[in-house]
Structure formats: C-alpha cells, structure tokens
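Number of protein chains: 2
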Amino acid sequence: MSNDNVSPASSQKPRAIVLLSGGLDSTTCLAWAQARYECFALSFSYGQRHSSELDAARALAKRAGVEHRIIDIDLRQLGGSALTDDSIDVPEDQSDELPGSIPVTYVPARNTIFLSYALAAAEVINASAIVIGINAVDYSGYPDCRPDYIDAFAKMAALATRAGVEGNPITIETPLLQLTKAAIIQLGLEHGVDYSQTISCYQADVNGYACGRCDSCRLRRQGFLDAGVKDPTLYQAATNQD
Amino acid sequence: MSNDNVSPASSQKPRAIVLLSGGLDSTTCLAWAQARYECFALSFSYGQRHSSELDAARALAKRAGVEHRIIDIDLRQLGGSALTDDSIDVPEDQSDELPGSIPVTYVPARNTIFLSYALAAAEVINASAIVIGINAVDYSGYPDCRPDYIDAFAKMAALATRAGVEGNPITIETPLLQLTKAAIIQLGLEHGVDYSQTISCYQADVNGYACGRCDSCRLRRQGFLDAGVKDPTLYQAATNQD
C-alpha cells in the first residue's frame with residue numbers, strides 16, 4: 230500500500246481504512262464511509278470456509294471504485310473456532326447456547342488481528358480513521374464486538390502509532406455498533422447498497438449462494454423481514470424460501 | 230496449535246506464549262520464561278530482510294525443547310518501514326535522527342500485530358501469559374515499545390478474549406522492559422543463554438553473520454562491553470572487531 234497511490238490533491242476528504250468482508254454489515258460500512266472519507270478497503274483471507282465472501286468483497290470494492298487489498302493470514306495454524314477449524318462443526322442454530330456464553334463460531338482474537346493490520350495500513354497511508362462493521366446487538370456473545378473493547382483498542386492504538394504520538398490518533402469508527410440488522414439494512418439502502426451482492430452465510434457455496442440455515446443467515450433474513458424490505462439474498466435451491 | 234498437544238498433567242506450570250525473534254532480547258525472554266511457564270514459542274516471517282533470524286529462532290526453540298510456530302505475515306504488502314520496504318535504506322547510524330523522533334526502522338503497528346497473534350494463540354492453548362522482549366531503554370523511539378502501550382494492550386486484551394470475559398485475563402509479561410542491554414545479557418547468562426546462537430543484526434547475511442555497523446549491532450556490541458562479557462557475536466569478516 231503506497232503512501233502516494235492517490236495524490237492528496239485528488240480528494241479533500243480525510244482517508245479511512247474500511248474493513249470489508251463482503252458481508253452485509255461491512256458493505257454498509259463502506260457505503261457509509263464513502264460519504265465521509267477517501268476509502269481504502271482491506272479484506273482478510275483467514276482460512277474461512279466461505280471464500281466466496283472474498284470474491285464478493287473484491288467485486289464490491291471494484292464497484293465502489295476503492296483501492297482494495299486482501300491480506301493473507303492463516304488462523305487455521307492456530308485453530309480454536311468452528312469458522313477456521315475443520316474439527317469443529319458450524320452449528321445450524323446457536324439459540325440453544327447458554328445465555329452469555331461465547332459462540333463456537335467465535336474466532337480467537339480475530340477482530341484484534343484485523344484491527345491491528347488496519348492500524349498498520351492506516352499509518353502507512355496516513356489515514357485518520359479505521360471503519361469496522363462491528364455490531365453489539367446481534368453479536369453480543371463475541372467479546373470483541375463490544376463497545377468497551379473498541380474503546381480499549383482505540384486507546385491502545387493511540388499509544389502504538391506514530392500518528393498517536395504526534396497528537397493525531399487514528400480513530401476507530403463503528404457506525405453499526407448499536408444498530409439492529411433492520412436499521413443497518415435501512416442505512417445501507419439510503420447509501421445505495423445492493424445487498425444481493427453481499428454474502429453473510431457462514432457456509433455459502435462457491436457461487437456465493439447462502440445456506441439459509443446458519444445463524445448468520447437467520448439474522449440476515451430476519452433483518453430484511455423487520456425492515457419490511459424484500460430479501461435479495463441468493464439462497465441455495467433447497468432452502469430458498471422466497 | 231492444538232489445545233491438547235501437551236497434556237495439562239505434563240507440567241504444573243501455567244502456560245505462556247513467548248514471542249521469539251531469534252535475537253538477543255527474545256532469547257533472553259524465553260530462558261527467563263522457561264523458569265516460570267510451560268512455554269510455546271511464536272515467531273513471525275514478516276518480510277524482514279534478515280531471514281537468518283528465523284533460522285536462529287528455529288534452532289533456539291529446538292534447543293530449548295519448546296513447541297514453536299512460525300506465522301507467515303506479509304507486512305511488505307503494507308510497506309512503510311526500512312525493515313520491510315526495499316525502497317527505504319536501513320541507516321548505519323541512527324544517532325543523527327532528531328531526539329524524540331521515530332526511527333525509519335520502525336515497522337507500523339508491528340508489535341500490535343505480533344501481540345494480537347500471540348493473544349489468539351494464548352486463547353487457543355489456554356495460556357495465562359504472553360512474554361515479549363520489549364525494551365523501553367534502547368528503543369524509546371518506537372511508540373510500541375513503551376510501558377504505557379503495553380498497559381493499554383493488556384487492557385484491550387482483557388476485553389477482547391474469552392479468558393478475559395471469564396475473569397482470567399491473559400497477562401503481558403515484559404521482563405526486559407526497563408533493563409539496559411548489559412543487564413539483559415547478565416539476565417540471560419544467569420539462565421544459560423548462549424548468545425552466539427542469537428541474531429540481532431538488521432542485515433545479517435544468510436549464514437547469520439552480523440554486519441557490525443547497524444544500530445542493532447551497535448547496541449548489542451555496547452551491551453557486551455558494558456556487561457564486561459566477551460562478545461560472542463559472529464561478525465562478517467570485514468567488520469569483525471574482536
């Protein structure tokens with residue numbers, strides 16, 4: 230990522246690194262951020278089972294006209310989550326987990342690793358913000374999706390970086406933090422997001438069709454229902470409930 | 230990294246992830262940590278120019294009898310430092326940099342990325358600590374080598390992880406934080422470290438011979454002088470000053 234890829238004169242907006250997974254939330258974030266920042270998208274190939282998500286991220290960044298980097302990190306080397314460890318099954322329904330317990334789809338320290346790379350990228354291109362689609366409503370079981378966590382990361386980041394030392398700490402923007410899925414969808418539609426291009430499913434097929442059964446699919450489907458908007462998700466034939 | 234690679238019954242000591250670069254400081258940390266913890270070493274292949282450091286880390290971990298993982302991360306994709314960006318020269322003498330300025334060998338957010346991976350690894354194996362050879366005496370110019378930074382990372386980590394949520398936050402141990410290079414060498418010698426096996430040079434050759442001229446070599450050489458100990462470093466012929 231080069232500091233002079235984009236001439237400062239090309240935009241009056243401050244720069245931001247936007248974490249883009251290719252899912253509904255991060256795509257909404259990108260659209261929101263483009264109204265405020267000159268955006269650079271960052272995705273991670275982290276041994277996730279659903280690589281079609283990265284194809285979606287690539288296409289979405291291209292459509293948005295933003296520079297995009299995919300960073301290859303192998304969390305499989307560490308294991309410990311149903312999303313990266315083949316020996317742990319992805320549950321189709323996590324609603325029977327104990328209230329307050331951490332879901333098996335939680336990936337240890339994932340957001341911390343992602344935000345750390347974003348911090349490095351932000352320093353290199355002199356970005357003033359990192360935008361991440363963390364949500365504390367639907368993902369209250371994940372420790373690293375809570376507001377206190379984000380505040381603590383921002384404090385650490387201010388001490389960790391050249392920008393912070395020089396008095397201009399890089400901020401962590403979480404526009405979706407307290408929004409319901411329906412409100413996120415409304416926000417995205419206001420910013421022109423085409424949700425048929427986004428993939429949320431934990432086990433989408435190679436063409437990006439969603440299973441319709443996993444926790445992420447359930448939350449997403451309910452979001453469109455609650456928002457009173459037709460669900461444009463491409464479901465695998467057997468589970469297409471449109 | 231498997232949670233049951235080592236049976237809990239095999240050791241009464243709590244577990245720790247030790248960040249091991251193969252240099253003088255981290256090797257001292259590993260020796261220190263082995264007296265207190267059941268240790269698991271973690272190294273990073275991050276596009277550093279001196280890959281002989283990783284060979285040293287491999288050999289040192291083997292000699293110490295600890296499980297060792299090398300995580301491949303490509304900071305070159307992000308650029309921004311003389312240590313990872315071929316377009317920036319490694320200075321032979323940084324002493325003419327402005328006091329309080331950040332050296333060009335600073336790698337953006339490097340320690341934050343390393344500690345984030347260590348945090349993930351610690352969660353997976355139920356380690357109670359991460360040990361890192363950060364030093365605030367010789368590296369005061371690096372924002373992410375300061376005590377305040379480590380404190381902030383630990384606070385963030387407590388909020389980020391399952392262990393933290395469950396009331397047993399993973400601690401960040403920095404046994405070298407306030408030690409001079411001479412004191413670090415003394416500590417290592419007390420724990421049986423063979424410093425001829427460690428590599429500190431920013432531009433060591435493929436056989437691990439040090440340049441003797443870069444900032445890291447200067448600090449190291451002075452450390453042995455101040456400790457009153459013969460410098461066992463293998464220098465490239467032209468600069469061998471023994």
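So the protein sequences, as listed, match chains A and B.
Following this note's numbering, the numbering of the first sequence begins with 230 at its first residue and continues without gaps.
Following this note's numbering, the numbering of the second sequence begins with 230 at its first residue and continues without gaps.
Just so it is clear, CB atoms sit at the ideal spot from N, CA and C, and this is done for glycine as well.
C-beta atoms of Ser357/A and Ile399/A nearer than 8 Å = yes
Contact set for Ala411/B: own chain, Cβ-Cβ below 7 Å, skip 5 residues either direction | Gly452, Asp455 and Ala456
Does the beta carbon of Asp377/B sit closer than 8 Å to a beta carbon anywhere in chain A?
-> yes
Asp444/A: first and last residue of the uninterrupted alpha helix (DSSP H) it sits in | Asp444 to Ala456
Assigned exposure category for Lys459/A - 16 Cβ within 10 Å defines buried = exposed
Contacting positions in the segment 337 to 357 of chain B - beta carbon closer than 9 Å to chain A | Pro337, Ala338, Arg339, Asn340, Thr341, Ile342, Phe343, Leu344, Ser345, Tyr346, Ala347, Leu348, Ala349, Ala350, Ala351, Glu352, Val353 and Ile354
Within 8 Å (strictly less), CB to CB, does Val360/B reach chain A?
-> no
Contacts around Gly421/A, its chain only, beta-carbon distance under 7 Å, and the 5 residues preceding and following it disregarded | Ala260
Would the segment 359 to 379 of chain A and the segment 385 to 399 of chain B be scored as touching if the rule is three or more Cβ pairs under 8 Å?
-> yes
Are any of the Cβ atoms in chain A nearer than 8 Å to that of Gly490/B?
-> This structure cannot settle anything about residue 490/B, because the visible part of chain B is limited to 230 through 471.
If you compare alpha carbons, which of Leu307/A, Glu296/A and Gly252/A is closest to Tyr275/A?
-> Leu307/A
Would you say Leu248/A reaches chain B, if we count a Cβ-Cβ gap shorter than 8 Å as a contact?
-> no
Any idea if Asp423/A is buried or exposed, counting beta-carbon neighbours within 10 angstroms, 16 or more meaning buried?
-> exposed
Examine chain B for any beta-carbon lying closer than 8 Å to the beta-carbon of Arg391/A, and answer yes or no.
-> yes
Taking a cut of 7 Å between CB atoms, which residues from the segment 383 to 407 of chain A lie near chain B?
-> Lys384, Met385, Leu388, Ala389, Thr390, Arg391, Gly393 and Val394
Which one or two residues does DSSP pair with Cys430/B in a beta bridge?
-> BP columns for Cys430/B are empty, so no partner.
Do Ser281/A and Ala433/A have their CB atoms nearer than 8 Å?
-> yes
Would Asp373/B count as contacting chain A if we go by Cβ distances under 8 Å?
-> yes
Excluding sequence positions up to five away, which residues of its chain have a Cβ less than 6 Å from the Cβ of Leu348/A?
-> Ala386
Label Asp444/A either buried or exposed according to how many other C-beta atoms from any shown protein chain fall within 10 Å of its C-beta, with 16 as the threshold for buried.
-> buried
Determine the contact status of Ile359/B and Ala351/B, defining contact as a CB-CB distance below 8 Å.
-> yes
Is it right to say Pro404/B is buried, meaning 16 or more other beta carbons lie within 10 angstroms of its own, or is it exposed?
-> buried
Can you check whether the CB of Asn364/A is closer than 8 Å to the CB of Leu416/A?
-> no
Residues near Leu406/B by beta carbon distance below 8 Å, same chain, minus five either side = Ile363, Asn364, Ala365, Pro376 and Ile379
Does the Cβ of Glu402/A have 16 or more other Cβ atoms within 10 Å, making it buried, or fewer, making it exposed?
-> buried
With 16 as the cutoff for other CB atoms within 10 Å, does Pro337/B come out buried or exposed?
-> buried
Pairwise C-alpha distance: Leu289/A and Ala439/A = 17 Å
Taking C-alpha atoms, which residue in Arg442/A, Val394/A, Ile354/A and Pro461/A lies nearest to Leu418/A?
-> Pro461/A
For Gly437/A and Ile414/B, the rounded distance between their alpha carbons = 56 Å
Could you name the residues of the same chain whose beta carbon sits closer than 8 Å to that of Val295/B, not counting the 5 residues immediately before and after it, in chain order?
-> Val247, Leu259, Gln263, Cys268, Phe269 and Ala270
Neighbourhood of Asn340/A by C-beta, 6 Å cutoff - its chain only, sequence neighbours within 5 removed = Asp373
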